[in-house]
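Colleague: Dropping a structure here in structure tokens format, bear with me for questions.
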Amino acid sequence: MPGGDMAKPLLGRRNMESNPDLAATAGRTIGILGSGDFARSLATRLVYSGFQVVVGSRNPKRCAGLFPSAAEVTAQVDAVKKTNVIFVAVFREHYSTLCDLTDELAGKILVDVSNNTEINHHKESNAEYLASLFPACTVVKGFNVISAWTLQSGPRDGNKQVLICCDNQEAKRTVTEIAQVMGFAPLDMGSLSSACEIENIPLRLLPAWKIPVFLALGLFLCFYTYNFIRQVLHPYIWEQKNKFYKIPVEVVNSTLPCVAYVMLSLVYLPGVLAASFQLRYGTKYRRFPDWLDQWLQHRKQIGLLSFFCAALHAVYSLCLPMRRSHRYQLINAAVKQVMEKKTDAWIEEEVWRMEIYVSFGIMALGLLSLLAITSLPSIANSLNWREFSFIQSTLGFIALVVSTLHTLTFGWTKAFDENQYKFYLPPSYTLTLLVPCTVILAKIFFYLPCIHQRLRRIRNGWEKGRYVKFTLPSATGEYSSGESSSNV
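Anchor point for the sequence shown: position 442 equals 441 in numbering that gives the first Met the number 0, and the numbering is continuous, going up by one each time.
In structure tokens form, the structure reads like this:
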């Protein structure tokens, strides 16, 4: 197994000395039953965290070379006898092979690190099943959400949380201290009945991304169909021109900014609705509707998808001149200019429009990049709340405004040109302006002094129609009657 960063202690001496319990825990002997990838990674991390490790294997001679030299690899029955805390790193199907060790395992703490292959694959969790096989043992569920890679590279390069549940508080405390010494952040999930939920967590594929991804796909399909009708279908029907070559690149490039722009506005629209809700009821203690609460929780994912679409739009735009169709169009334009005997095709207004349009686009993409980077946990954890709020809220709103200016300079006067309406359908950018402009106008409204002050008071705890009565003390130090009271 590689050493390197792994050989460095995850907890400094100062932290260990400040907590005598952790210092005592670090020197104890930990057992592992199993010799798979996870067992090897777990043994290596335990060794470098200061633990004495003994590994129980059915073939100790064959597996000895796979583990660190400091770890003792022996038969399962011998390993069980040398420790009171044992990590069970075998599959559920192999639990029955440990039944021969029932007497030796009695009274010991078994840490179940297994996972299922499907969500709710069995009626009971693996940990509960293990507890039923060994009723004389105390079973703790934990470390199943940590990957072998995280154990190898340390919690600095992976998820730091270790979810732990058990019916015995003392056993739970013991495993919690082991996780802390290893450099992880243990999280108490309650009794062993929570094991089923913990085992389902690693099997869920991006649960927080489901709604934002479907939203992005829905917007993409809608705008793509709209742009296809305007850019491809309309010329084919009315002008008998074959524009189907635009489908792979140009129509996609017209659709991506629409999706990115609308998705960015949907990041800040729920905040506007939440503020309106608080102003309407005059309190911050009234629960938001479930749909609004879910929307607020998915803002990060929606914002990242907005950045993804904007980045793709930038790449597609850079690739537009590389297309063969663009070269042919450029040659045709040059030939047409020669045939018309034009010596100068310079249009001052169009030059300025494109310069401003591209500049706003670059600024918007730069701000979106900053928002995306600071939403990463490793970056967000290094910022205090004021810094994070400034970047995500203030700079995010500026990004929305710059994106709006980018869209407006792209459209320029096209919205007033009747030739731009295909099948009486307006240009797609005019549709995208509806939600962002609503958000911007609402934000400006909330910044009005009278509205801003009321909203700030509500968020500081003030409630409409409720008063707190304070009784002022008299000159003698005694509290007087209601004549000296004041309502706030």
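For each residue, glycine too, the CB sits at the ideal point set by N, CA and C.
The structure displayed is predicted, hence computed values, not measured ones.
Entirely within the region 403-441 and at least 4 residues each: give me those alpha helix (DSSP H) ranges in chain order.
Modeller: Correct list: 427-431.
Colleague: Starting from A69, trace the alpha helix (DSSP H) in both directions and tell me its first and last residue.
Modeller: Careful: A69 lies outside any alpha helix (DSSP H) and carries neither H nor E.
Colleague: If you follow the alpha helix (DSSP H) that V251 is in, where does it begin and where does it stop?
Modeller: Segment E249 to Y280, the alpha helix (DSSP H) holding V251.
Colleague: Does the region 28-35 come within contact of the region 51-68, defined as at least 3 CB pairs closer than 8 Å?
Modeller: With a cut-off of 8 Å, the region 51-68 and the region 28-35 count as touching, because enough Cβ pairs lie within range.
Colleague: Measure the Cβ-Cβ separation of V258 and C195 and say whether it is below 8 Å.
Modeller: No, the Cβ-Cβ distance between V258 and C195 is not below 8 Å.
Colleague: Closest by CA to A147, which one among V174, L100 and A38?
Modeller: When only C-alpha atoms are compared, the closest one is A38.
Colleague: I'd like to know whether the C-beta atoms of V161 and G182 end up nearer to each other than 8 Å.
Modeller: No, Cβ-Cβ distance for V161 and G182 is not below 8 Å.
Colleague: Considering only C-alpha positions, which residue in the set V434, S48, S190 and F444 is nearest to P67?
Modeller: Ranking V434, S48, S190 and F444 by Cα distance to P67 puts S48 first.
Colleague: With DSSP as the reference, label D166 as helix, strand or coil.
Modeller: D166 falls in the coil class under three-state DSSP.
Colleague: Considering only residues of the same chain and omitting the five flanking positions on each side of N119, which have a CB-CB separation below 8 Å?
Modeller: Closer than 8 Å at the Cβ level, and outside the excluded window around N119, lie C195 and N199.
Colleague: Nearest by alpha-carbon distance to I108: which of S95, V139 and E123 is it?
Modeller: Nearest C-alpha to I108: V139.
Colleague: Go through its chain and collect everything with a Cβ distance to H297's Cβ below 6 Å, but skip five positions before and after it.
Modeller: Closer than 6 Å at Cβ, skipping near neighbours: I210 and P211.
Colleague: Let me check understanding here. Comparing Cα to Cα, which of Q230, L218 and N226 lies closest to Y260?
Modeller: Selected option, being the one with the closest Cα: L218.
Colleague: Quick one: Cα of L407 to Cα of I439, how far?
Modeller: About 14 Å.
Colleague: Please name the residue or residues paired with K30 in a DSSP beta bridge.
Modeller: It is Gly, not Lys, that sits at residue 30 in the sequence shown. In DSSP, G30 forms a bridge with V53 and I85.
Colleague: Do you know how far the Cα of D99 is from the Cα of S374?
Modeller: Using only the alpha carbons, I get a separation of about 51 Å.
Colleague: Taking only three categories from DSSP, how would you classify L399?
Modeller: In the structure shown, L399 sits in a helix (DSSP, three-state: H, G or I).
Colleague: Please classify R44 as buried or exposed, where buried requires at least 16 neighbouring CB atoms within 10 angstroms.
Modeller: Its Cβ being crowded by 16 or more others within 10 Å, R44 is buried.
Colleague: For S262, which of V87, V434 and T82 has the nearest alpha-carbon?
Modeller: Checking the sequence shown, residue 262 turns out to be Met, not Ser. Looking at the Cα atoms, V434 is the closest of the given residues.
Colleague: Alpha carbon to alpha carbon, how far is Y223 from V251?
Modeller: Distance between the alpha carbons of Y223 and V251 is about 7 Å.
Colleague: Hey, which unbroken runs of the alpha helix (DSSP H) at 4 residues or more fall wholly within the region 282-306?
Modeller: You should have 289-296.
Colleague: According to DSSP, is Q239 part of a helix, a strand, or is it coil?
Modeller: It is coil, neither helix nor strand.
Colleague: Can you tell me whether DSSP reads A184 as helix, strand or coil?
Modeller: It is a strand residue.
Colleague: Leaving out five residues on either side along the sequence, give the residues of the same chain with a beta carbon under 8 Å from the beta carbon of V400.
Modeller: Correct list, in chain order: I439.
Colleague: Starting from K159 and walking both ways along the beta strand (DSSP E), at which residues does that stretch end?
Modeller: Here K159 belongs to no beta strand (DSSP E), and DSSP marks it neither H nor E.
Colleague: In whole angstroms, what separates the C-alpha of F415 from that of N459?
Modeller: Approximately 47 Å, taken between the alpha carbons.
Colleague: Assuming contact is defined by CB atoms lying nearer than 8 Å, are A278 and L454 in contact in what I supplied?
Modeller: Note that residue 278 is Leu in the sequence shown, not Ala. Taking 8 Å as the Cβ cut-off, L278 and L454 qualify as a contacting pair.
Colleague: Taking only three categories from DSSP, how would you classify G3?
Modeller: Since pLDDT at G3 reaches only 47, below the 50 mark, its modelled position is unreliable, and no value is offered.
Colleague: List the residues that DSSP assigns as beta-bridge partners of L109.
Modeller: DSSP lists I85 and V138 as partners of L109.
Colleague: Taking all protein chains shown into account, decide if E238 is buried (16 or more other Cβ within 10 angstroms of its Cβ) or exposed.
Modeller: The residue in question, E238, is exposed, as its Cβ has fewer than 16 Cβ neighbours within 10 Å.
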